[in-house]
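2 protein chains.
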Amino acid sequence: MDAEPPKPTNAELEILTVLWSIGPATVREVYSVISRRRPAQYSTVLKFMQIMAEKGLVRRDEKQRAHVYEAARSREWTQRQLAGDLMERAFSGSAKALLVGALSARKTSKAELAELRKLLDEYRKGQK
Amino acid sequence: MDAEPPKPTNAELEILTVLWSIGPATVREVYSVISRRRPAQYSTVLKFMQIMAEKGLVRRDEKQRAHVYEAARSREWTQRQLAGDLMERAFSGSAKALLVGALSARKTSKAELAELRKLLDEYRKGQK
DNA sequence: ATCTTACTAGTAAAGTTTTCGTACATGGAC
DNA sequence: GTCCATGTACGAAAACTTTACTAGTAAGAT
Numbered sequence: 000m001d002a003e004p005p006k007p008t009n010a011e012l013e014i015l016t017v018l019w020s021i022g023p024a025t026v027r028e029v030y031s032v033i034s035r036r037r038p039a040q041y042s043t044v045l046k047f048m049q050i051m052a053e054k055g056l057v058r059r060d061e062k063q064r065a066h067v068y069e070a071a072r073s074r075e076w077t078q079r080q081l082a083g084d085l086m087e088r089a090f091s092g093s094a095k096a097l098l099v100g101a102l103s104a105r106k107t108s109k110a111e112l113a114e115l116r117k118l119l120d121e122y123r124k125g126q127k
Numbered sequence: 000m001d002a003e004p005p006k007p008t009n010a011e012l013e014i015l016t017v018l019w020s021i022g023p024a025t026v027r028e029v030y031s032v033i034s035r036r037r038p039a040q041y042s043t044v045l046k047f048m049q050i051m052a053e054k055g056l057v058r059r060d061e062k063q064r065a066h067v068y069e070a071a072r073s074r075e076w077t078q079r080q081l082a083g084d085l086m087e088r089a090f091s092g093s094a095k096a097l098l099v100g101a102l103s104a105r106k107t108s109k110a111e112l113a114e115l116r117k118l119l120d121e122y123r124k125g126q127k
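Residue numbers (numbering that gives the first Met the number 0), protein chains in the order written: chain A, 0 to 127; chain B, 0 to 127.
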């Protein structure tokens, strides 16, 4: 098994989000998505993706001239790391406290509350 | 109204956690709590607390020779910021996805699931 | 009054993250 | 074959984070 990649930084997470969304992609493709949202330089995105390859956050296929990058870990795996890390650092490991924080951060619709409840039901079943 | 302090860094969050726990305290008091957990220098803790005062993360009472520091924002307020920030950046704003991440990050007891469910019930009532 | 202890402030250095300019290479158009 | 567009690699600098040393000062003990 590969060594675990480190927790992605903010900028790295943004790039991973694009890769998860559009799948394996070249720097140009990632850059074009990001630059639609905010000012960014191609060479900055390139540099990040090179660093991420070194760190093991992405895999790089160099067969083509324009290298193709792919997230090394799934969105779910990474989300688990990030949620677990924040839960430990800021919420004393309490999922409840984390959920309170999330819910109070913005308005939550009834539909969303219902979904959350359903999620807990499924979790309970899976555990029993 | 004061300007909002920035999101605390890791080291800053550790210090805030101590302040929330023991209340307004001197550098020495915070240091003694932290150094029980891990190697740390007094002057490092001092420096952080000075920086945090500049950033507005803590308030400082200089009436005594040993200045007394106090978290400028409540634990709940800060947790809301942090949870909201991560939810946006890594979970597309979905509380459900964040909860999935948190629950899958570690074993969750039945008691905790029950607590979470109760929390949602209360939330629903509060909204209706 | 002097000594010692405890505290703050200032300085600095190392590490990490973020940003971007530029050089060089390669593939395709002509 | 030469030229141009599009890539990657490299280097470097700015900003932020983390750490720690040291000078100076003030309070309390003797």
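Beta carbons: idealized from backbone N, C-alpha and C, even for Gly.
One question on the structure: do B/Ala52 and B/Leu15 come within less than 7 Å of each other, judged by their Cβ atoms? Looking up residue 52 of chain B in the second sequence gives position 53. Looking up residue 15 of chain B in the second sequence gives position 16. Result no, Cβ atoms of B/Ala52 and B/Leu15 do not sit closer than 7 Å.
Cα-Cα separation between A/Lys6 and A/Ala113, rounded to whole angstroms: Here the question's residue 6 of chain A lines up with position 7 in the first sequence. Here the question's residue 113 of chain A lines up with position 114 in the first sequence. Approximately 31 Å between the Cα atoms of the pair.
Check distances from the C-beta atoms of the region 96 to 117 of chain A to those of chain B and list, in chain order, the residues that come in under 8 Å. Ala96, Leu97, Leu98, Val99, Gly100, Ala101, Leu102, Ser103, Ala104, Arg105, Thr107, Lys109, Glu111, Leu112, Glu114, Leu115 and Arg116
Cβ contact (3+ pairs, closer than 8 Å) linking the region 33 to 47 of chain B and the region 91 to 101 of chain B: no
Rounded to whole angstroms, what's the CA-CA distance from A/Val57 to B/Glu3? Just pull it up for me. The residue labelled residue 57 of chain A in the question sits at position 58 within the first sequence. The residue labelled residue 3 of chain B in the question sits at position 4 within the second sequence. Cα to Cα, A/Val57 sits roughly 35 Å from B/Glu3.
Are the beta-carbon atoms of B/Arg116 and A/Leu119 separated by less than 7 Å? Translated into positions along the second sequence, residue 116 of chain B becomes position 117. Translated into positions along the first sequence, residue 119 of chain A becomes position 120. The answer is yes: Cβ separation under 7 Å.
Going along chain A in order, which residues have a C-beta closer than 8 Å to the C-beta of B/Ala70? To locate residue 70 of chain B, count along the second sequence from 1; it is residue 71. Within chain A, no residue comes near B/Ala70; the closest Cβ sits about 13 Å away, beyond 8 Å.
Euclidean distance between Cα positions of A/Ser73 and A/Gly22: In the first sequence, the residue the question calls residue 73 of chain A occupies position 74. In the first sequence, the residue the question calls residue 22 of chain A occupies position 23. Their backbone Cα atoms lie some 11 Å apart in a straight line.
Three-way DSSP call (helix, strand, coil) for A/Arg37 in this model: Position 38 of the first sequence, counted from the start, is the residue given in the question as residue 37 of chain A. Note: A/Arg37 maps to coil in three-state DSSP.
With 16 other Cβ atoms within 10 Å as the buried cut-off, status of B/Ala24: Counting from one through the second sequence, the residue named residue 24 of chain B turns up at place 25. So B/Ala24 ends up on the buried side.
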